[in-house]
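Everything in the sequence shown is counted per the numbering used here, starting at 1 for the first residue and increasing by one.
All C-beta atoms in this analysis are idealised placements derived from N, C-alpha and C, irrespective of residue type, glycine included.
What follows is a single structure, written as structure tokens, with notes after it.
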Amino acid sequence: MTDNTLPPITEDDIAEYLTNTPDFFERHADMLAGVQLTSPHSHRAISLQERQAEMLRGKVRDLELKAAEMIRYGKHNVDIADKLQDWTVALLRARKAEDLVRVVTTELAAIYDMPQTALRLWGADSAFASNDFAAAVETAVKDYANDLEQSYCGVRRELPLLNWLADGDAVKSMAVVPLRSGEQVFGLLVLASDDEARFTADMGTLFLERISAQASSALSRLLP
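Structure follows, in structure tokens:
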């Protein structure tokens with residue numbers, strides 16, 4: 001005996017039919033006017049047109065929020081770029097070694113409201129041997145610097161270079177910027193903060209790389 005019972009029509013069957021038959025509602029336009037849905041906001045019965053309008057308003061709100069966020073980030077980046085330009089001008093004006101080091105560290109800290117900075121150069125001209133920036137650097141730090149393909153930006157790292165800072169114990173986040181002459185690393189610039197959110201791993205390093213390039217170019221004048 002053959003079972004001729006057809007399987008029940010499912011919601012998926014109905015959805016597929018309506019998707020493949022776009023002129024259905026043209027032939028049954030009165031159905032659209034009578035469709036009642038529950039609003040997720042007021043929980044009252046509303047028409048299909050009202051529900052579509054609610055969804056559209058929601059999408060518009062989302063777009064407005066995204067646009068506002070993009071504008072905010074854009075203004076923030078413009079502010080950073082303006083400060084970087086001010087710092088670059090100060091670098092170009094520096095003539096003496098002590099002025100150059102001050103611009104790279106103290107003025108950079110002031111411009112970007114950075115709590116702590118430190119600078120070390122290895123291989124600096126012997127004329128600067130008595131300066132703090134030319135103090136001996138541990139081999140482990142040099143090896144770490146040589147392994148950096150780009151600036152480090154993130155949480156505190158337990159490295160000997162923390163001892164270069166006035167208060168290394170207070171550091172919660174940091175950026176370590178390699179200084180290069182060609183392919184050769186000849187120093188490190190350390191930017192440190194007691195705010196763990198100041199430098200995070202998901203931050204872009206574009207501006208840090210610009211700082212690296214400009215500081216490297218300026219400080220290479222102190223090499224033999």
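### Query
Are tyrosine 144 and leucine 162 touching if we call contact CB-CB under 8 Å?
no
### Task
Classify phenylalanine 199 as helix, strand or coil using the three-state DSSP reduction.
coil
### Query
Under a three-way DSSP split, which group does arginine 221 fall into?
helix
### Query
Around the Cβ of glycine 204, are there at least 16 other Cβ atoms within 10 angstroms (buried) or fewer (exposed)?
exposed
### Query
Near valine 141, what residues of its chain come up, given a Cβ to Cβ distance below 6 Å and the 5 sequence neighbours on each side ignored?
Same-chain partners within the cutoff: Pro160, Leu161.
### Query
Would alanine 213 be called buried (16 or more neighbouring beta carbons within 10 Å of its own) or exposed?
Looking at its Cβ environment, which holds fewer than 16 other Cβ atoms inside 10 Å, alanine 213 is exposed.
### Query
Ordered along the chain, which non-local residues of its own chain (more than five positions away) have a Cβ less than 7 Å from that of alanine 166?
Excluding five sequence positions before and after alanine 166, the CB atoms of its chain that fall closer than 7 Å to its own CB belong to Gln116, given in chain order.
### Task
Report the partner residues of proline 178 according to the DSSP bridge assignment.
According to DSSP, proline 178 bridges with Leu188.
### Query
Once you ignore the five residues that flank tyrosine 112 on each side, which residues in its own chain have a CB closer than 7 Å to its CB?
Lys83
### Message
Three Cβ pairs or more, each shorter than 8 Å: is that satisfied between the stretch 114 to 128 and the stretch 186 to 198?
### Response
yes
### Cβ neighbours of arginine 198 in the same chain (closer than 8 Å, five flanking residues each side left out)
Lys172, Ser173
### Query
From methionine 1 to isoleucine 9, what does the alpha carbon distance come to, in whole angstroms?
Since pLDDT at methionine 1 reaches only 48, below the 50 mark, its modelled position is unreliable, and the value read off the structure follows with that caveat. Near 24 Å, if we compare the C-alpha coordinates of isoleucine 9 and methionine 1.
### Task
Please check the pair leucine 100 and alanine 94, which I expect to be a contact at CB under 8 Å, by giving their CB distance rounded to whole angstroms.
4 Å
### First through last residue of the beta strand (DSSP E) which encompasses arginine 120
116 to 121
### Message
Relative to the C-alpha of glycine 187, which candidate in Ala135, Asn77, Gly154 has its C-alpha closest?
### Response
Ala135
### Task
Return the bridge partner residues of valine 155 from the DSSP annotation.
Ser173
#### Entry: Identity of the residue in Gly182, Asp195, Val177 nearest asparagine 170 by Cα
The displayed chain sequence assigns alanine, not asparagine, to residue 170. Shortest Cα-Cα distance from alanine 170 to any of Gly182, Asp195, Val177 involves Asp195.
### Query
Could you give the C-beta distance for serine 181 and serine 216, rounded to a whole number, given that I count them as a contact under 8 Å?
7 Å
### Query
So serine 151 packs on leucine 208, CB below 8 Å; how close in whole Å?
4 Å
### Task
Take serine 220 and list the residues in its own chain whose beta-carbon comes closer than 6 Å to its own, dropping the five residues that flank it on each side.
Ser181
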